[in-house]
Amino acid sequence: MSLLFEGVRVEYLLGSGSVEAVREASLELERGGRLTLLGASGSGKSSLLLAGIGSLYRNARISGRVLLDGEDLLSLPRGRVLGLRWRRISLLPQGVGSAFNPMVPVGRAFEEVLRFKVEVWRREGVREIFLSTLRRLGLEEEALLRYPHQLSGGQRQRVYVAMVLSSGAPYLLMDEPTSGLDPLVGALALSLILERQREEGFGLMVVTHDVGVASALG
């Protein structure tokens, strides 16, 4: 069982031309395994990650294969691929601020996501797991009553990390998981991510430009 990228190529159409972001990338993330992609900003790391969950921009063109436990995501309708999110793959995007609905408190956003994925919401104790994870990251439950603009960037990052870690998905993809966090909280977040992976056995793929983060992940 794995998330397998085979010869993945991503390019973005810009006006009359195009820019190649990913060229013939092949890698495999096994359940229980861990991959870290280290590279400078603009090197295509995020594009490859987003290709694995069907979240590329509309001007993107992708070829190759992305196999989720043997099923080619690139051959599926976009709606079906999006339906796999939070159930079989959970994504921590870069810049989580835009990932929240500005019109609802961040706690309600979490509940809406998991209620949409009925089997995730029904998983025993999922809300308690989420709240416990949030506290481990230094936030109390009252933070969930606030709207996204009422939280700092680091607080929003921690809420989203807790959401992803509480989803129960067998594959977690994380784009710059310590973004916006001070060094102490960032180290705490990485430690918690690794602890949960050991306990739950999910596949973990992290992209980062930070050598320290890559070293901590091993």
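Numbering (our numbering), first residue to last: 697 to 914.
Glycine residues also receive a C-beta, built at the ideal position from the N, C-alpha and C atoms.
Cβ-Cβ separation, residue j to residue i (assumed contact under 8 Å), whole Å
i, j, result
"L769", "M901", "Between M901 and L769 the Cβ distance is about 14 Å, and since that is not below 8 Å, they are no contact."
"G876", "G834", "So it is not a contact: roughly 13 Å between Cβ atoms."
"A747", "V792", "No, A747 and V792 are not in contact; Cβ-Cβ is about 19 Å, not under 8 Å."
"P873", "I889", "7 Å"
"R842", "V802", "6 Å"
"G728", "G897", "4 Å"
"V903", "L745", "5 Å"
Where the alpha helix (DSSP H) through residue i begins and ends
i, result
"F915", "Examination of residue 915 is not possible in this model, given that the chain is present from 697 through 914 alone."
"V855", "G849 to L861"
"V777", "R774 to G779"
"V907", "V907 to L913"
"V706", "Taken as a continuous stretch (DSSP letters only), V706 belongs to no alpha helix (DSSP H), being part of the beta strand (DSSP E) at S698 to L710."
"L888", "P879 to E896"
Which listed residue (the options) has its alpha carbon closest to that of residue i
i, options, result
"S737", "V909, H905 and G914", "H905"
"S722", "S714, V762, V809 and V857", "V762"
"L861", "E836, L788 and V909", "L788"
"L869", "I825, G899, V909 and V802", "G899"
"E838", "L752, N755 and V855", "V855"
"S698", "S712, N755 and L725", "L725"
"G713", "L733, A756, L752 and R784", "A756"
"G775", "S759, I749 and P844", "I749"
"G908", "L734, G766 and E895", "L734"
"W782", "P773, G864, T829 and S911", "G864"
"S751", "G766, G779 and E767", "G779"
"I758", "S794, F701 and R892", "F701"
"Q790", "R852, E895, L884 and L840", "R852"
"N797", "L884, L840, A910 and S911", "L840"
"M859", "I825, G760 and P844", "I825"
"T829", "G766, A910, L884 and G760", "L884"
"S794", "P844, A910, A912 and R823", "P844"
"V857", "A912, E895, F806 and G821", "F806"
Buried versus exposed, by CB contacts within 10 Å (16 or more), residue i
i, result
"M799", "exposed"
"S786", "buried"
"Q846", "exposed"
"R831", "exposed"
"D871", "buried"
"V814", "Interpretation of V814 is limited by its pLDDT of 48, a score under 50 that renders its predicted location unreliable; the figure taken from the coordinates is listed afterwards. By the neighbour-count rule (16 or more Cβ atoms within 10 Å), V814 is not buried but exposed."
"L886", "buried"
"S771", "exposed"
"R754", "exposed"
"R784", "buried"
"R892", "buried"
"P773", "exposed"
Span of the beta strand (DSSP E), counted from its first residue to its last, around residue i
i, result
"S722", "G713 to E726"
"A747", "It is not in any beta strand (DSSP E) - A747 instead sits in the alpha helix (DSSP H) that spans K741 to A747."
"G899", "G899 to T904"
"Y867", "Y867 to D871"
"R730", "R730 to L734"
"G760", "A756 to L764"
"L788", "I785 to L788"
Residue i at chain C interface by Cβ criterion, 7 Å
i, result
"T829", "Among the protein chains of the structure shown there is no chain C, as only one such chain exists."
| Stretch-stretch touch, CB-based, cutoff 8 Å, three pairs: the region 739-747 with the region 713-721 | Output reads yes: the region 713-721 touches the region 739-747.
| message | So, does the region 700-713 touch the region 877-892, judging by three or more C-beta pairs under 8 Å? | response | At 8 Å Cβ cutoff, the stretches do not touch.
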